[in-house]
Structure formats: structure tokens, C-alpha cells
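Written out below as C-alpha cells is the structure these notes cover.
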Amino acid sequence: MDLKSKSLYEGESPDFLLDLISKKTAKYDFSEVYLSSGISSAFDIHNGIFDGNFSSSSKGARIRIMENGLFYNMSTNDLSKSSLMSAISKIKGMPKGSTKLSSEKTVKGKYRVTPKILDEREASKLAYDLDYYLKGYKEVIYREVSLGYGEEETLFENSEGSSIMSYYPSAGLSIYLLIKGKKSTRERILEFGGVGGLEVLDYERITKRISEEIKGLKAVADNGASLSDAKIKSIKNVVISPEISGIAVHESIGHPNESDRVFGRELAQAGSSYINKDNLGMRIGSDSVNIFDYPSIKGTSGFYYYDDEGVKAAKKHIIKNGMQNELLLNREYAGMLKRKSNGSARSSSYDAEPLVRMSNTYLGAGDSSFEELITEAKDGIYVKSFNGWNIDDTRSFSMYQGNEAYLIKKGEISSPILNYRLEKGTLDLWKSVSLLSKKVELFNGECGKGEPLQGVPVTMGGPYALLQFR
Numbered sequence: 001m002d003l004k005s006k007s008l009y010e011g012e013s014p015d016f017l018l019d020l021i022s023k024k025t026a027k028y029d030f031s032e033v034y035l036s037s038g039i040s041s042a043f044d045i046h047n048g049i050f051d052g053n054f055s056s057s058s059k060g061a062r063i064r065i066m067e068n069g070l071f072y073n074m075s076t077n078d079l080s081k082s083s084l085m086s087a088i089s090k091i092k093g094m095p096k097g098s099t100k101l102s103s104e105k106t107v108k109g110k111y112r113v114t115p116k117i118l119d120e121r122e123a124s125k126l127a128y129d130l131d132y133y134l135k136g137y138k139e140v141i142y143r144e145v146s147l148g149y150g151e152e153e154t155l156f157e158n159s160e161g162s163s164i165m166s167y168y169p170s171a172g173l174s175i176y177l178l179i180k181g182k183k184s185t186r187e188r189i190l191e192f193g194g195v196g197g198l199e200v201l202d203y204e205r206i207t208k209r210i211s212e213e214i215k216g217l218k219a220v221a222d223n224g225a226s227l228s229d230a231k232i233k234s235i236k237n238v239v240i241s242p243e244i245s246g247i248a249v250h251e252s253i254g255h256p257n258e259s260d261r262v263f264g265r266e267l268a269q270a271g272s273s274y275i276n277k278d279n280l281g282m283r284i285g286s287d288s289v290n291i292f293d294y295p296s297i298k299g300t301s302g303f304y305y306y307d308d309e310g311v312k313a314a315k316k317h318i319i320k321n322g323m324q325n326e327l328l329l330n331r332e333y334a335g336m337l338k339r340k341s342n343g344s345a346r347s348s349s350y351d352a353e354p355l356v357r358m359s360n361t362y363l364g365a366g367d368s369s370f371e372e373l374i375t376e377a378k379d380g381i382y383v384k385s386f387n388g389w390n391i392d393d394t395r396s397f398s399m400y401q402g403n404e405a406y407l408i409k410k411g412e413i414s415s416p417i418l419n420y421r422l423e424k425g426t427l428d429l430w431k432s433v434s435l436l437s438k439k440v441e442l443f444n445g446e447c448g449k450g451e452p453l454q455g456v457p458v459t460m461g462g463p464y465a466l467l468q469f470r
């Protein structure tokens with residue numbers, strides 16, 4: 001795909017359109033333009049049956065203008081000169097506002113991720129190979145394999161002189177499994193992929209994970225026992241996997257530290273935060289808790305090098321030794337706090353407003369082994385995966401429903417459990433962290449936010465963690 005092709009831009013080159021928009025918006029206090037063009041393909045296989053191929057393409061522009069402290073946001077998929085000029089001409093009589101953007105360095109750059117493999121035949125072969133692999137497990141009574149890949153190139157310019165071109169290919173795989181055991185059935189969705197070509201979907205790594213998941217869930221479906229509510233509440237020592245630490249980081253730390261949520265913009269849409277302008281720097285966890293958001297981890301789903309306001313991506317240390325340390329900021333909220341943006345503005349497409357978003361958010365590693373965590377727990381629960389979660393509007397209380405979980409007895413993993421749920425206050429959960437393993441693992445997800453809803457790819461994760469509640 002080549003965005004310099006005039007056919008993608010209704011007879012006009014992107015450089016011409018950028019220059020044209022810049023000239024027409026020069027009279028305003030601030031302006032930026034974001035051009036995007038992308039193509040994608042996806043297909044599904046259900047129980048060995050091909051269920052269709054889906055292809056799409058998109059192109060469009062987003063123009064944001066600020067005048068008298070108020071933003072105006074416009075987008076269009078008609079990139080003809082007449083359409084763009086007509087849209088800009090409608091900006092009249094903007095009322096006064098109070099928005100002040102942070103002062104940022106002028107950036108001129110290009111960033112291109114070069115895929116090694118981006119071929120329809122290779123994608124089809126991988127999907128069918130995985131379906132055939134799953135077919136070999138008789139306990140899998142229903143299976144779905146969904147694979148998608150695409151390319152997107154964006155061009156960004158603002159009135160401050162920044163100019164950025166980015167090109168990102170991506171590939172993603174979703175596998176749904178329904179596993180039948182002697183006592184019950186268990187279901188599981190596994191997600192793989194990231195920024196890059198099909199090489200981010202490694203067959204050996206995926207099949208190893210599938211094998212482990214099926215074995216574990218079959219054990220739960222065959223022999224899993226239910227615990228009483230009283231027993232669940234009495235458990236004080238819990239070892240959580242990187243998957244559980246990841247979802248807890250994302251929901252109870254990442255979202256509450258988004259600056260637009262902290263300052264109330266999301267109140268009517270998705271709730272508020274236990275963090276506010278008066279308690280920044282509060283203690284959230286034990287000294288062992290360090291939580292980061294880092295966009296520039298290559299190959300991940302949340303990868304980007306420049307955010308959608310033209311700010312270079314930065315590694316954010318959200319929680320430092322248990323203390324709230326850094327909010328996720330775009331230029332608007334950085335300006336409000338008289339700070340620099342840390343490159344956290346993302347949009348799902350050209351027709352969506354950039355919002356404060358996470359990227360790759362994770363709990364930092366410790367220095368223990370997984371075996372040491374289990375031994376130290378002595379008697380408790382090990383939660384390996386979840387099949388549901390819930391959290392309140394302020395992100396103060398959350399529940400993570402175990403999917404594959406086991407009792408720990410005398411420092412060893414014992415029998416499987418059907419219905420354990422980790423249900424704690426956010427501060428209680430993070431203050432209970434006593435030991436962390438050495439290796440961080442990341443898991444794919446899609447984060448929803450905004451009205452209308454925007455979904456962006458992210459990863460979340462961490463090490464194994466021992467939680468010891470009082």
C-alpha cells in the first residue's frame with residue numbers, strides 16, 4: 001500500500017491536501033490535520049468450515065482547530081478539495097473556552113514498521129493449520145479460529161510545525177474453545193498478535209499455549225470442586241498469574257490514572273476514578289508495586305512511536321514503589337497541570353477524537369520464582385486465568401472470576417477449583433502484594449472508551465504475584 005498514490009486521495013496527493021488545509025486554518029490559534037488510509041482482511045473457520053473472507057479499506061481526514069480556548073473536531077471520508085474546504089468554511093463564531101495545550105517540541109519524523117510476512121495464502125495456511133491442530137483434541141467440542149491482518153499509514157501535521165508519517169502493519173488471531181469434561185464445560189478465548197506481519201503469530205508458541213490451556217481447563221472440567229462463599233472469603237493467600245495481574249492492572253490502575261477520567265470528563269460515560277486532583281501521589285500498593293505503560297515495546301498490539309497528537313511515545317511509571325506517580329496525559333490535561341504530555345493520546349480511526357488511552361500496561365517484575373510464590377503461600381489459591389471481571393464506577397472495588405484455578409495446600413498446587421472469585425477493594429488488592437516473579441508476560445486485548453465507543457488494541461500483563469490479605 002502506498003499513500004502517495006493519487007487514487008487513494010480522490011485525485012489529490014496527500015502533500016497537496018496537507019498544504020491546502022494548513023493554509024485555510026492558519027488564522028486559528030492552533031490546528032492539526034491527520035490523514036489516514038488503511039486496508040484489512042479477515043476470515044473465520046468454525047469447526048473446520050470456512051465462514052467467509054472479509055476485506056475493507058478506509059481513508060479519511062480529521063481536522064482539529066482551536067480558537068479562543070475551545071477545540072473544534074471535524075472528520076470526513078471525502079478527501080476531495082471541495083469537500084474539505086466546505087467543511088472548514090463552516091467553522092464560524094466559536095465560543096470561548098479555557099483549554100490550554102501543553103508546549104511540546106516540534107517533531108519531524110517518519111516511522112515505518114516493515115512486515116516480514118504479509119500474504120493472504122500464508123494467513124490462510126496458518127489458520128487452517130491451527131484448526132487442524134485443535135481438531136486433534138477430542139475434548140474440544142467446538143472451536144473457532146479468526147485471523148485478521150492489515151496495514152495503515154497516517155500523515156500528521158500541526159500549525160506548530162510538527163510533521164509525522166507512520167506506517168503500521170498488524171496481525172491478530174482469536175481462538176475460541178469449548179471444552180467438555182466429566183462434570184462441566186469450560187470456554188476460553190485466546191488472543192495473539194501485534195504490530196508487524198504474520199511473523200507476530202508464531203505457530204509453535206501458539207500451539208504450546210493451546211496445549212497448556214486445554215490440559216488445564218480439562219482438569220477443571222473433569223474434577224473441579226466448588227467452594228462455599230465462606231471458604232472463598234476465608235482465603236488469605238492468593239497467587240495470581242500474569243494474566244490476572246494484567247487485567248487488574250488495566251482495570252484498577254490504568255483506567256483510574258487516565259487524566260480525563262481523573263478530572264471528570266468521563267463521568268457520564270464510563271465513571272470516575274478513586275484518584276482526583278487532591279490525592280495525587282497517594283499510596284495505592286505495597287513497596288513492591290511498580291506499574292508502567294510503555295507504547296514502544298516492539299511487536300505488541302499497543303505499539304506506537306508517536307501518539308495521535310504528534311507527541312513521541314514515552315514510558316510512563318504510573319505507580320512507583322506503591323505510590324501514585326504519573327497520570328496518562330494528552331496535551332489538554334498536561335496543559336491543565338502545567339506539564340508536558342507523555343504521549344497518551346490515541347484514536348481508533350481518523351473519524352474519532354483522540355482520547356487519553358493506555359498502550360502496553362503492566363506490573364513490573366520482582367526477583368522470586370513461581371515455585372517460591374507457591375511455597376510461601378502455604379495454603380491458599382492459585383488463579384491462572386479468568387472468564388469474567390467486574391469493577392465499579394470509581395474503580396475502587398473489583399472482581400475477577402477464576403476460570404482455571406487450584407487450591408494450594410502445604411506449599412504445593414493441589415486440586416482444581418470451579419468457582420473461585422477474587423473480589424477485593426483496589427487498595428486492599430495492591431497493598432497485599434508481597435512477592436513477584438522475575439518474568440513479565442503480556443496478553444492481548446482491546447480497550448473500549450469514549451462516546452461513541454472507540455476500541456484500540458492494547459496489551460496488559462505482569463509477573464506472577466503473591467497476594468497476602470490480612
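The numbering of the sequence shown is UniProt numbering, which starts it at 1 and goes up by one.
Even for Gly, the Cβ is constructed at its ideal location relative to N, Cα and C.
Since this is a predicted model, take the numbers as computed values, not measurements.
C-alpha distance - residue i paired with residue j, whole-angstrom precision
i: P354; j: I408; result: 45 Å
i: P463; j: S57; result: 38 Å
i: V458; j: V311; result: 18 Å
i: L190; j: S83; result: 43 Å
i: R64; j: E120; result: 37 Å
i: G109; j: S166; result: 8 Å
i: Q454; j: S368; result: 38 Å
i: G196; j: A171; result: 7 Å
i: E104; j: R186; result: 50 Å
i: P452; j: L427; result: 31 Å
i: L198; j: A123; result: 7 Å
i: L8; j: N342; result: Low confidence applies to L8: its pLDDT is 45, below 50, so where it sits in the model is not reliable enough to give any reading.
i: E412; j: G445; result: 31 Å
Under the three-state DSSP convention, the category residue i falls into
i: L8; result: Reliability of the predicted coordinates at L8 is poor, the pLDDT of 45 falling under 50, and the value obtained from them is presented with this limitation in mind. Looking at L8 - three-state DSSP - the assignment turns out to be helix.
i: E258; result: strand
i: K215; result: helix
i: V238; result: strand
i: N73; result: strand
i: G455; result: strand
i: residue 532; result: There is simply no residue 532 to check, as the chain begins at 1 and stops at 470 in what is shown.
i: Y464; result: coil
i: I142; result: Before going on, a small fix: residue 142 reads as Tyr here, not Ile. Strand, per DSSP.
i: Y304; result: coil
Residue i beta carbon near the ligand MN (any heavy atom closer than 7 Å)
i: D29; result: Among the components modelled here there is no ligand, and therefore nothing to report on the ligand MN.
Test item: CB-CB of residue i and residue j under 8 Å
i: K23; j: M85; result: no
i: K183; j: G224; result: yes
i: V289; j: V433; result: yes
i: D351; j: G60; result: yes
i: K34; j: T154; result: Strictly speaking, residue 34 in this sequence is Tyr, with Lys absent from that position. Closer than 8 Å, so yes.
i: residue 499; j: N390; result: Outside the displayed range of the chain (1 to 470) lies residue 499, so it cannot be described from this structure.
i: Q468; j: K233; result: no
i: P169; j: L118; result: yes
i: L422; j: Y400; result: yes
i: S273; j: T394; result: yes
i: A87; j: M66; result: no
i: G461; j: Y382; result: no
i: N419; j: L173; result: no
i: H250; j: M358; result: yes
i: S347; j: S159; result: no
Checklist entry - If you pair each beta-carbon of the segment 136-147 with each one of the segment 266-278, do three or more pairs fall below 8 Å? => result no
Checklist entry - Pairing CB atoms from the segment 138-158 with CB atoms from the segment 87-97, are three or more of them under 8 Å? => result no
Item to check | Segments of 3+ residues assigned as beta strand (DSSP E) that fall wholly inside the segment 310-372 | outcome: Listed in chain order, they are 316-320, 360-363.
Checklist entry - Would you call the segment 332-348 and the segment 254-270 in contact, with 3 or more CB pairs under 8 Å? => result yes
Checklist entry - Okay, do the segment 36-50 and the segment 114-133 touch, 3+ Cβ pairs below 8 Å being the bar? => result A contact exists between the segment 36-50 and the segment 114-133.
Checklist entry - Of all the beta strand (DSSP E) runs that stay within the bounds of the segment 127-187, which reach a length of 3 or more residues? => result You should have 140-158, 163-180.
Checklist entry - Whole beta strand (DSSP E) runs in the segment 69-128 with 3 or more residues, listed along the chain? => result 70-76, 108-112
Checklist entry - Can you list, in chain order, the stretches of the beta strand (DSSP E) that have 3 or more residues and sit fully within the segment 358-440? => result 360-363, 380-383, 386-391, 397-402, 405-409, 412-417, 421-425, 433-436
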